[in-house]
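Trainee: The structure is given below, and queries will be raised subsequently.
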Amino acid sequence: MAEDANDAAEIKTNQTIYINNLNEKIKLDELKKSLTAVFSQFGKILEVLAFKTLKHHGQAWVVFEEVSSATNALRQMQGFPFYDKPMRIQYAKTKSDVIAKADGTFVPREKKKKHEDRGRKKKDQHHGNHASGGMNSMYPGGAPPLPYMGVKSAPDAPALPNNILFIQNLPHQTTSMMLQMLFSQLPGFKEARMVEAKPGIAFIEYENELQSTVAMQSLQGFKITDDHPMLVTYAKK
């Protein structure tokens, strides 16, 4: 059920943030991955929830491990242009199941609700098996992508400081839009370019060398996924 903005003041601080005004044209898998990429800078994310149902279009929930992470995310990302629409963020009204189970307050839903959910889950699994060829961070029903076999370490002779950054060790599912949303949070961002022939690398351009240096220091080692810390260096010109 959608959250009501007019009673936001009554909602208690918690680990889950509710986001609406999201671009409804974005596919569900891409939306979840992009939200993870943008919000993981604030702390460990336990879960990202978004649904295909009509009444949940344009909405999502991000569950953090810590309340402080949710608070920082809400304050710093309020109004952030996400796929060309400003995000509206508030704390979620209800505690997510994953948090309730962790603190021992989880109460199972009614039997009827469980039965409906079980039937829906089986249906989703059936469709998921047919769609396993698509890009998904958990790779359901299929093998993960082949690891990138190119260079993953910094070059022996580092490039001189300049306005373009070279990004390495990106996960397979990274998109230009995800990188744009991540790096555009820092001033001076101009463009994010990926190399289709070489997965796992990208170039990020800023207006000047000072701005690219700030971005490199801020996002060095940032993890889009838990096992892929970004390696950020200056690009060779």
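When you read off a place in the sequence shown, starting at 1, and then add 9, the result is the number in the numbering used here.
Beta carbons: idealized from backbone N, C-alpha and C, even for Gly.
May I have the straight-line CA-CA distance separating lysine 232 from isoleucine 20, to the nearest angstrom?
Mentor: Between lysine 232 and isoleucine 20, the alpha-carbon positions lie close to 30 angstroms from each other.
Trainee: Cα-Cα, which of Met86, Lys94, Asn171, Ile28 is closest to glutamate 216?
Mentor: Asn171
Trainee: Which value, in whole angstroms, describes the spacing of the CA atoms of phenylalanine 48 and lysine 246?
Mentor: 32 angstroms
Trainee: What span of residues does the alpha helix (DSSP H) with threonine 25 cover, start to end?
Mentor: Secondary structure note for threonine 25: it is in no alpha helix (DSSP H), and the uninterrupted beta strand (DSSP E) holding it is 25-29.
Trainee: Quick one: what does DSSP say alanine 256 is sitting in, helix, strand or coil?
Mentor: What the structure shows of the chain is the stretch from 10 to 246, and residue 256 is not part of that stretch, so it cannot be assessed.
Trainee: Quick check: isoleucine 176 and methionine 239, are their CB atoms within less than 7 angstroms of each other?
Mentor: yes
Trainee: Given a cut-off of 7 angstroms, decide if glutamine 182 and lysine 36 are closer than it, judged by their beta-carbon atoms.
Mentor: no
Trainee: Going by DSSP, what residue range makes up the beta strand (DSSP E) through alanine 58?
Mentor: The sequence given here has leucine at residue 58, not alanine. Taken as a continuous stretch (DSSP letters only), the beta strand (DSSP E) holding leucine 58 covers 54-58.
Trainee: Assuming phenylalanine 51 is part of the alpha helix (DSSP H), what are its boundary residues?
Mentor: Unbroken run through phenylalanine 51: none, as it is neither H nor E.
Trainee: For methionine 225, which option in Ala206, Phe212, Asp235 has the closest C-alpha, if you only look at C-alpha atoms?
Mentor: Phe212
Trainee: Tell me the DSSP secondary structure of leucine 219 in three-state form.
Mentor: helix
Trainee: Can you give me the start and stop residues for the beta strand (DSSP E) that leucine 240 sits inside?
Mentor: 240-243
Trainee: Considering only DSSP beta bridges, list what methionine 278 is partnered with.
Mentor: No answer is possible for residue 278: it lies beyond the span of the chain, which begins at 10 and ends at 246.
Trainee: Pull up the distance between the alpha-carbon of serine 227 and that of asparagine 30, whole angstroms please.
Mentor: 28 angstroms
Trainee: Opposite tyrosine 100 in the DSSP bridges: which residues?
Mentor: Ile26
Trainee: Which of the three DSSP states is assigned to glutamine 229 in this structure?
Mentor: coil
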